[in-house]
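K.L.:
Numbering (our numbering), first residue to last: 228 to 389. Ideal placement from N, C-alpha and C gives every residue a C-beta, glycine not left out. Predicted model, so just to flag it, every value in this text is computed and none were measured.
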């Protein structure tokens, strides 16, 4: 293992976060397809994915820029990939400090990202508190984040070896 600077850890983390988000997205799409979940356009903002709703709030509330429901998919991807990539930076700094085993750190990291969403989003009204969701749905959501965490950890480890 090579010693790295905080900036190097941050940069590797960002790249690993993007790679982890790609892996998570692929897994989410596969699981949704296997579960027979329709991939239809929402008819109203309340039916749009949470990342798109968050983008709408920021765009309109902070920047006073109106967004169209037709842009929901772009907004979803923008927020989803920005969020996942940003969390990768956190992973990079933590891993450069802790030097934890890849699998264990990835699983712990994915769980932490998942838990943070359920702590931060309910007060915004975009999520319900976790106890209001069926256990099966929470388990699927956790599985998405575990895939993300392990993929981030694996990508970071691969980048360390370059």
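Take residue 345 and list the residues in its own chain whose beta-carbon comes closer than 6 angstroms to its own, dropping the five residues that flank it on each side.
P.N.:
Position 118 of the chain shown, counted from the start, is the residue given in the question as residue 345. Closer than 6 angstroms at the Cβ level, and outside the excluded window around residue 345, lie 357.
K.L.:
Ignoring anything shorter than 4 residues, give me the alpha helix (DSSP H) runs that lie fully in the segment 235-290, in order along the chain.
P.N.:
Counting whole runs of 4 or more residues, the segment 235-290 contains the alpha helix (DSSP H) stretches 277-288.
K.L.:
Please classify residue 239 as buried or exposed, where buried requires at least 16 other C-beta atoms within 10 Å of its C-beta.
P.N.:
Taking the first residue of the chain shown as 1, we reach residue 239 at position 12. Counting Cβ neighbours within 10 Å, residue 239 comes out buried, since at least 16 surround it.
K.L.:
Which class does residue 362 belong to by DSSP, given the choice of helix, strand or coil?
P.N.:
Residue 362 sits at position 135 when you count from the first residue of the chain shown. Looking at residue 362 - three-state DSSP - the assignment turns out to be helix.
K.L.:
Quick check on residue 322: does DSSP put it in helix, strand or coil?
P.N.:
Numbered from its first residue, the chain shown carries residue 322 at position 95. Helix, per DSSP.
K.L.:
Find out if the Cβ-Cβ distance for the pair residue 236, residue 378 is shorter than 8 angstroms.
P.N.:
Indexing the chain shown from 1 puts residue 236 at position 9. Indexing the chain shown from 1 puts residue 378 at position 151. It is not a contact, given that the beta carbons lie outside the stated cut-off.
K.L.:
Answer yes or no: do residue 312 and residue 248 have a C-beta to C-beta separation smaller than 8 angstroms?
P.N.:
For the purposes of this step, residue 312 is taken as residue 85 along the chain shown, with counting starting at 1. For the purposes of this step, residue 248 is taken as residue 21 along the chain shown, with counting starting at 1. In this structure, residue 248 lies closer than 8 angstroms to residue 312 by Cβ.
K.L.:
Note the first and the last residue of the continuous alpha helix (DSSP H) segment covering residue 343.
P.N.:
Reading the chain shown from its first residue, position 116 is the one you call residue 343. Unbroken alpha helix (DSSP H) run through residue 343: 329-347.
K.L.:
Classify residue 294 as helix, strand or coil using the three-state DSSP reduction.
P.N.:
For the purposes of this step, residue 294 is taken as the residue at position 67 of the chain shown. Here residue 294 sits in coil by DSSP.
K.L.:
Helix or strand or just coil, what does DSSP make of residue 389?
P.N.:
Locating residue 389 in the chain shown gives position 162, where the first residue counts as 1. In the structure shown, residue 389 sits in coil (DSSP, three-state: anything other than H, G, I, E or B).
K.L.:
Is there contact here, the segment 358-373 with the segment 300-314, by at least three beta-carbon pairs under 8 angstroms?
P.N.:
no
K.L.:
Would residue 323 and residue 233 qualify as a contact pair, given that the criterion is a beta-carbon distance under 8 angstroms?
P.N.:
As a first step, residue 323 is located in the chain shown; it is residue number 96 there, counting from the start. As a first step, residue 233 is located in the chain shown; it is residue number 6 there, counting from the start. In contact: residue 323 and residue 233 (Cβ atoms closer than 8 angstroms).
K.L.:
What did DSSP end up calling residue 232 once you bin it into helix, strand or coil?
P.N.:
In the chain shown, counting from the first residue as 1, residue 232 sits at position 5. Correct three-state label for residue 232: coil.
K.L.:
Spatial neighbours of residue 329 within its chain, please: C-beta separation below 7 angstroms, excluding the five flanking residues on both sides.
P.N.:
Locating residue 329 in the chain shown gives position 102, where the first residue counts as 1. For residue 329, where only same-chain residues beyond five positions count, the Cβ hits under 7 angstroms are 380, 381, 384.
K.L.:
If you run the structure through DSSP and keep just helix, strand and coil, what is residue 355?
P.N.:
Taking the chain shown and counting its residues from 1, one reaches residue 355 at position 128. DSSP places residue 355 in coil when its eight states are reduced to three.
K.L.:
In whole angstroms, give me the CA-to-CA distance for residue 270 and residue 295.
P.N.:
Numbered from 1 along the chain shown, position 43 holds the residue referred to as residue 270. Numbered from 1 along the chain shown, position 68 holds the residue referred to as residue 295. Their Cα atoms are separated by approximately 11 angstroms.
K.L.:
Could you tell me whether the segment 368-376 touches the segment 251-260, where touching means 3 or more Cβ pairs closer than 8 angstroms?
P.N.:
yes
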